[in-house]
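*Asks:* Protein chains in written order, with our numbering: chain D, 34 to 316; chain L, 34 to 316; chain B, 39 to 614; chain F, 39 to 614. Cβ coordinates follow ideal geometry from the N, Cα and C atoms, glycine included.
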Amino acid sequence: MSTFGFTTDHQPTWCPGCGDFGIWTSVKNAMNAMELGPDDVFFAYGIGCHGNMYNWMKTYGFAGLHGRSLPVAQGVKLAHHTMPVLCITGDGDCIGEGGNHFIHAAKRNADITVLLFDNQVYGLTTGQASPTARPGLKTKSTPHGVVDMPLSPAALAITAGATFVARGFAGDGKGLSDLIVKAVRHKGFSLVDILQPCVTFNKDFGYPWYREHIYDLNSTGYMPDNRVKAFDKAMEWGEKLPVGVFFEEERPAHTDQYEMLKKDILVKQPVVVDVESMLHEFI
Amino acid sequence: MSTFGFTTDHQPTWCPGCGDFGIWTSVKNAMNAMELGPDDVFFAYGIGCHGNMYNWMKTYGFAGLHGRSLPVAQGVKLAHHTMPVLCITGDGDCIGEGGNHFIHAAKRNADITVLLFDNQVYGLTTGQASPTARPGLKTKSTPHGVVDMPLSPAALAITAGATFVARGFAGDGKGLSDLIVKAVRHKGFSLVDILQPCVTFNKDFGYPWYREHIYDLNSTGYMPDNRVKAFDKAMEWGEKLPVGVFFEEERPAHTDQYEMLKKDILVKQPVVVDVESMLHEFI
Amino acid sequence: MRDTVTWKIGGEAGFGIMSAGIMLSRIYARSGYRTFATNEYPSLIRGGLNLVTVRISTKSVDAMSREQDVLVALTKKCVEECKKDLSENSIVIYDPKDGEYTSDDFPKPVRLMPVPLLAILHELNASLVMRNTIAMGATLAVLGGTLETFSQIIKEQFGRKGDEVVNANIAVAQKGYDYVKNTYGSETSMHLAPGGAKEELLIINGSEALGVSAVRAGLKFAAIYPMTPINSVITYLADHAKKYNIMYVQPEDEISGINMALGASVAGVRSMVATSGGGFALMVEGLSLAGMIEAPLVIDMGMRVGPATGMPTWTESSELDFVISAGHGEFPRIVLAPGDAEDVFDLTTAAFNLADRYQVPVFLLTDKYLNESHWCVPKNYYARTVAIDRGKMITEDIPDSETYLRYRTDVDDGVSPRTVTGVANGNFISNSYEHRQDGLMTEEANERRIMVDKRNQKFAAIQSAAIAPAHTGDDNADITFVTWGTTKGPVREAIKLLSGKNIKANMIHFTWLYPFPEKAHEMLKKAKRLVLVEQNSMGQLGGLIRKYTGIHIEERILKYDGRPFFPEEIVKRMTL
Amino acid sequence: MRDTVTWKIGGEAGFGIMSAGIMLSRIYARSGYRTFATNEYPSLIRGGLNLVTVRISTKSVDAMSREQDVLVALTKKCVEECKKDLSENSIVIYDPKDGEYTSDDFPKPVRLMPVPLLAILHELNASLVMRNTIAMGATLAVLGGTLETFSQIIKEQFGRKGDEVVNANIAVAQKGYDYVKNTYGSETSMHLAPGGAKEELLIINGSEALGVSAVRAGLKFAAIYPMTPINSVITYLADHAKKYNIMYVQPEDEISGINMALGASVAGVRSMVATSGGGFALMVEGLSLAGMIEAPLVIDMGMRVGPATGMPTWTESSELDFVISAGHGEFPRIVLAPGDAEDVFDLTTAAFNLADRYQVPVFLLTDKYLNESHWCVPKNYYARTVAIDRGKMITEDIPDSETYLRYRTDVDDGVSPRTVTGVANGNFISNSYEHRQDGLMTEEANERRIMVDKRNQKFAAIQSAAIAPAHTGDDNADITFVTWGTTKGPVREAIKLLSGKNIKANMIHFTWLYPFPEKAHEMLKKAKRLVLVEQNSMGQLGGLIRKYTGIHIEERILKYDGRPFFPEEIVKRMTL
Ligand SMILES: Cc1ncc(C[n+]2csc(CCOP(=O)(O)OP(=O)(O)O)c2C)c(N)n1
Ligand SMILES: Cc1ncc(C[n+]2csc(CCOP(=O)(O)OP(=O)(O)O)c2C)c(N)n1
Ligand code: SF4
Ligand code: SF4
Ligand SMILES: [Mg+2]
Ligand SMILES: [Mg+2]
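(1) Do you know whose CA, among GLY324/B, GLN190/B, THR113/B and LYS146/B, lies nearest PRO154/B's CA?
(2) In whole angstroms, give me the CA-to-CA distance for ILE362/B and LEU403/F.
(3) Is ALA24/L near TYR471/F, with beta carbons less than 8 Å apart?
(4) In whole angstroms, give me the CA-to-CA distance for GLY183/B and PRO230/L.
(5) Okay, do the region 597-612 of chain B and the region 370-377 of chain F touch, 3+ Cβ pairs below 8 Å being the bar?
(6) Are GLN290/L and GLY301/F close, meaning C-beta to C-beta below 8 Å?
(7) Can we count TYR282/F as close to ligand 2, meaning its CB is less than 7 Å from some heavy atom?
(8) Quick check: the Cα distance between VAL307/F and ALA162/D, rounded to an integer number of angstroms?
(9) In or out: THR159/L buried (at least 16 other Cβ within 10 Å) or exposed?
(10) So ILE436/F and VAL461/F are supposed to be a Cβ contact under 8 Å. How far apart are they, rounded?
(11) I need the residues with a C-beta less than 6 Å from some heavy atom of ligand 4; please give them in chain order.
(12) Taking 8 Å as the CB-CB cut-off, is LEU111/D touching chain B?
(13) For a contact defined as C-beta to C-beta under 9 Å, what are the partners of GLY132/L on chain B?
(14) List the residues of chain F whose Cβ lies closer than 9 Å to the Cβ of HIS137/L, in chain order.
(15) Please determine if the region 500-518 of chain B and the region 539-557 of chain B are in contact, where contact requires at least 3 C-beta pairs separated by less than 8 Å.
(16) Closest to THR122/L by C-alpha separation, out of ASN62/L, THR146/L and VAL304/L, would be which residue?
(17) Taking buried to mean at least 16 other C-beta atoms within 10 Å of its own C-beta, is TRP270/D buried or exposed?
(18) I want to check one thing, is the minimum distance from the CB of GLY580/B to the heavy atoms of ligand 5 below 7 Å?
(19) Checking contacts by CB at 8 Å: is VAL217/D closer than that to chain B?
(20) Under a CB-based cut-off of 8 Å, is ALA261/B close to chain L?
(21) Considering Cα atoms alone, identify which of ARG93/F, ALA312/F and LEU166/F is closest to PHE74/F.
(22) Can you tell me which of SER125/F, LEU87/F and ASP107/F puts its alpha carbon nearest to the alpha carbon of LYS115/F?
(23) CB of GLY169/D to nearest heavy atom of ligand 1: below 7 Å?
(24) Could you give the residue range of the beta strand (DSSP E) that holds ASN127/F?
(25) DSSP state of LYS171/D, grouped into three classes?
(26) ASN269/B versus chain L: which residues are under 7 Å apart at the beta carbon?
(27) Can you tell which of VAL180/L, GLN302/L and ALA286/L has its C-alpha closest to the C-alpha of SER259/F?
(28) Can you find a CB in chain F that lies within less than 8 Å of the CB of ALA364/B?
(29) Of all the options ILE298/L, VAL306/L, LEU189/L and MET256/L, which has the alpha carbon lying nearest to the alpha carbon of PHE264/L?
(30) Between the Cα of THR672/B and the Cα atoms of ARG68/B, LEU596/B and THR91/B, which residue gives the shortest distance?
(31) Could you name the residues of the region 167-197 of chain L whose beta carbon sits closer than 7 Å to any beta carbon of chain D, in the order they occur along the chain?
(32) Using a Cβ cut-off of 7 Å, which residues of the region 58-73 of chain D contact any Cβ in chain B, in chain order?
(33) For ALA543/B, go through chain L and note every residue whose CB falls closer than 9 Å to its CB, in chain order.
(34) Could you say if the region 160-169 of chain B and the region 194-211 of chain B meet the contact criterion of at least three C-beta pairs nearer than 8 Å?
Below, the structure written as structure tokens:
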């Protein structure tokens, strides 16, 4: 088995202590566990601190627009469906700006893996509240504390039709890389919502807070086989906060719906047109 | 009690038999039941067959862009929070193009009422599949039938934080206008997902089909007080299909979060600035 | 006997108005005539008034005439709305049940030919949807045609539904035909002169033409959200996806559409989007992204009446400035605007090659008039071979010893070779941030400047491929019309009308709008008197010309009421 | 003694670089000097190199100089990056722990003043975040200032945190001050001449200035999605919302933002959005909607380096063409571009009035340089009364006998009176479809034409309110710089530099860009030699000028590397 460092000449620019470091390591470990090298995998990045990762992660990739990594990923997947396609996205990127794409990618059961760096803030724009921010969180855009209810990415995915929904923690390297491997191996839309401490703009939810509150759902005997139960768990956030696999289901992925992809990837499909028959219908 | 016809010199242009006629009547009846006249209420319309209603519905209104009636409604509500604000929207408009606004308006618990004309198709663009189209439905964009799972507007609303979620049927005038009254009277985000036959582009789901399959949830002893149960019901679609109120909850609405609105509507708030103190911080 | 007849049919949506127009076009196209059909309908599904106008001629047809010679009115409203556009001695076919008229009810004297459509249906126990078939039979009698080709087309069209349907249709057609012959005699003033040599002609609307051309050009991926006037592109692609191994996806919105298309493009397939102004507005950020990552993309931008929702089913050409300047930041793009179905073929196939060759977004500025009119074009024009040039594309693995630089700057046309996904050692980042040659981010002043210069270098390279405007007509004309896109046909016919008045006019017609074709300057300078003709209220091409040449065209004929130009109207609005 | 000193401080994000710059500006602004501060930082939150440059002068300061006189380098990287921009005899303050240098390590001879920052912190048991405070103390010693005002500012700033913090800060500042005085003597070549009369001056960045001005102008509603470079607008509005009864909403995306703002506007409140190019791209459809429904709206469009994500924290002015042509269909809009903090006040207050008076969207084209630089502006300038003109707005109930027509066409400026929600008998539809006078849909040709003409009528009306470009400098100059927005300051200083070389130059500076101000034509025609100066690669103002006047400015000084112009550079790039 060959292992890859995926390194470039850029150094990570995340704040010291940022949860993104841990996630990055887990991502690389997961790739190595699956023996996927820089030319074997495609990463579509959002814009945010999370997205900056592309500069130190050498693979086929696309650092596109804020909120749009899921459509890009789906386009790539449809054109090259044998390649694993992952999204590196944030809570602002994926659930704020890109919320519509999120529910629709899940609905289509697009065969992509979404790694959501969930820190409750817009990190890169210096700390406004994101859609997952918990009530009370004081940020630049909510000087008196967040008032509305947060959105749960996991619950949204479950509602919209995702077939693999999990939550991980940036501080749990091994657990997280295992979840990523499962998510990538899953055929269909997979989400790993990753609890990520932002040490600079979200002081309320740091490593200690998460360590104290999370518990491993799958070791409680919970079986991820029921959408309603999964929804219930995905909405849970209080004294205890579950991590692990919430839901898993086998259902044809979006790319399974296209007959022609059984032959070859779209990129390699020739242009075959019988001009006579093509024009016949217009005569 | 004064009653209003809300009429203009435009005649409805919906296809004969379209479910939109029935909804329109229920809407007018609901307004009359609440004694709301043309100057007392604001309607924000989407673009679609549903949205054409503005031409024969005389009130304060806004026929904006495809998919954007919810943001418009929220802007109006924030500026004039004592006025009831309703959205006339479609499954394409609200869950396709406008999906992101839908989940975020629900999250904010914006005090608006969303009437979703749910016909499973893009009617006005001559019948492509919409996000709520059931598997198998043949449309112009899915000549071999819809393949992916539909989105449930009710389930999405429940997941995103809506505080009043109901489903009605265009063919049940009385039941529907009652639901609309409840929805408008509810303080916070309210959705009435309205099953609407499109006689021209969706032959699979006509009046008879719905009449045969729907049942009144609230007369089964179901209590709309639990989000998880509501989710379960909102995902139900098979031999039986529930209509009625799925979920209801009291929670401060978006406009309740603004201290200053306790004084007066924003439109009437004077410009009060003490220039000295304003500039002091920059010296 | 006449060279040309303009025929119009009108009724409610659902009456089969559109299909009647297509069928009439087909009948005559198969019989050695040229045709052209336009439609008008309101933005609603049922009710209202749908109109189709078909011009049939023994010669080529470039535009619609302002007046019609034959009107088939299936509702009273149709008579009311259309009578003002009838020429002297026009024939009006209508069901007397819908209303009784005398020639005096019309602005100009017409010949009334009531045909009891409903009564005939009743008599034959035929269903209401066949009303248009009777009207077609009656039409053929009026025009001096036969039922032969029509019957053939009925067989082809309804064959799948069984003999009964076929025969019923033929029977009602015959009834309509006979009724006219028997009641009004076999000679009318509208008999067409015999058609010419029979050439295989396509009756195809602009959207279908674009779909066919795109497939010919190797299109593999299209993500299109429904919107008038490009819905027929969706229908064409969705219906033919399996047959031609192409992928059509209906995205949740236009933003997703363009980003999916860019993903597919970067992965290595020819990819496109189609939309109208409002949908394109949502793609503007994605356009800027395409410019930055240098991804090929073809955008079918179907114009209609704006701003905002406007009049969605009517025509206008007011998105020229918009597409040229859309997107934040500065980057090259190409803007093409076909004027007719021939142009659609040439420019669509060119668009895909240009997009790949220069790694830029390429616009096809179409409009409602182009997309929804049914054009008549020789099959041979569309049967030509299409050369596919994917530009600098690397599909072979790169040796371990080489370092691949996606945005290498040592290229003199600004275009760097790109890999497709999966090429060994070919990985790179398509980066929306400013980047170095390897695709990774830079904020360094010098690297930024170099990368802007690289992208801007393409302007010169593209200019060398630019298509000069077409100069048609007398070189020494006194009047030179300057126009673009679909005003081509009306202006061309206006020139003919002027020449009938002994006024020599010619035309400079732009199909390549941007980067502004340098050759246009010389052409414009030579003209004696320039007259700008545009389907918008601001004279956008005029602005573009002044911006790039300094030439100010003061004389302008602008139209912005949603209706296409009629040749007569252009002549009328000239100061002669 | 010097009239002017340019001081720079650099270190990692989190070192308090930005606040040091503001504090130094405040100290000197309170002491009778003028200041100007710019910043540079990469698009990341930590690490990297943040730089703030402050120019302090006894005279007015219009721009930054290319070279610095004093550098406070808090990291080794800072020395490396900044040494090339030091002028001869510059003073370099640094912590010897970060590196040891001799003057030879610098391109030009400098005076090194190592200050043991960390050692001092250690000695006083002070925390690392106070490092910049020592550096400030050292700075004041170098510039020949006192600690008095600085101590006062420390008290104001940290007062809330308690005496301990205040005293600790003052103590470290004193140490830094004393260290320099004791080690390097009390005279340096950088001593500033005494300040002038003390006038109350604001130190304010462009975003704050815009926020303040908007509130003064009666802003009531803002929906703004975060984006560099307008994040400070959000912070300002969110922090002051309660105090000034304004509503700030964070929308889920920019599309929602502009549609919320239009809803609020139609309901009757002054409303705005702010964004950068990528976010504005998403608002383009909403812009067209605003044009169609004739809703007032102010759009703060903060430009930065594009295309796409580009270099988000750097400056460029390349969205002029974009905002002028953005949106499908044709409709009037107004584009304004402030050049400095004074302009921000004047144009922001004007923007809200213009939006209401003409019922059109109005752009404030700002940029990163304007938004994030700290300007020094007399308080009196900002304390002036602001006249609020809401235009044709109906807030009183309409009698039952009257029929209210929202889009009545019997107005000669194209502007029809609008009601606010709730006015009795005032209900109407804001309609994105083409509409009749009452707001209901029309597709009729004539009604369409009339409504387009009505909207286009506003162009002439707006033209009468247009602000001609500012003509500054000698009327008979040999060189006329033509520019817009924030290049104003650098060009103004370049003119001074040229005048030092006995070359007479003047400037035509556009703050009102669109509708193109007619008066500009005459001004441009008079000039002997026109030189275009723009912060973009295509010379967009140049294109606009040619489009509207035919005048082609061939000589162009363009910059597009993300850095603002320096006056010296403009002079250098001139062919003299
Ligand atoms: C269209 C658009 N709007 C806004 C921005 C500005 N922006 C950049 S990153 C960001 C938020 C990032 O938040 P999140 O996705 O949570 O990422 P994080 O930085 O927290 O990892 C925003 C709003 C942008 N780049 N593009
Ligand atoms: C930005 C944009 N995209 C596309 C369209 C075209 N369009 C008009 S109505 C419509 C779909 C309407 O579907 P739905 O909301 O379900 O309404 P219905 O007609 O079924 O009532 C679409 C796609 C548009 N007007 N604007
Ligand atoms: S701001 Fe927060 S999310 Fe961004 S790099 Fe720093 S710690 Fe990480
Ligand atoms: S197309 Fe369908 S939804 Fe639209 S008016 Fe006709 S029946 Fe109603
Ligand atoms: Mg985040
Ligand atoms: Mg629908």
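*Replies:* Let me spell this out:
(1) THR113/B
(2) 20 Å
(3) The structure shown does not extend to residue 24/L, since chain L is modelled only from 34 through 316, so no value can be given for it.
(4) Taking the straight line joining both Cα atoms gives about 44 Å.
(5) no
(6) no
(7) no
(8) 26 Å
(9) buried
(10) Contact flag correct, Cβ pair sits at about 6 Å.
(11) TRP47/L, CYS48/L, CYS51/L, ASP53/L, CYS82/L, ASN152/L, GLY156/L, CYS231/L, VAL232/L, THR233/L, PHE234/L, ILE83/B and ARG84/B
(12) yes
(13) GLU290 and ASP291
(14) Proximity of chain F to HIS137/L at the Cβ level (cut-off 9 Å) is accounted for by PRO289, GLU290, ASP291 and SER294, in chain order.
(15) Short answer: they touch.
(16) THR146/L
(17) exposed
(18) The answer is no for GLY580/B.
(19) no
(20) no
(21) ARG93/F
(22) LEU87/F
(23) Result no, Cβ not under 7 Å from ligand 1.
(24) Counted as a single uninterrupted DSSP element, the beta strand (DSSP E) harbouring ASN127/F occupies residues 124-132.
(25) The three-state reading of DSSP puts LYS171/D in coil, since its state is none of H, G, I, E or B.
(26) What ASN269/B touches in chain L: THR158 and THR159.
(27) The residue asked about is misnamed: residue 259/F is Phe in this sequence, not Ser. Cα-wise, what sits closest to PHE259/F is GLN302/L.
(28) Yes, because at least one Cβ of chain F sits closer than 8 Å to the Cβ of ALA364/B.
(29) LEU189/L
(30) There is simply no residue 672/B to check, as chain B begins at 39 and stops at 614 in what is shown.
(31) VAL180, ASP181, MET182, LEU184, ALA188, LEU189, THR192, ALA193 and GLY194
(32) PRO71 and ASP72
(33) Within 9 Å Cβ-Cβ: nothing; ALA543/B doesn't reach chain L, min ~40 Å.
(34) yes
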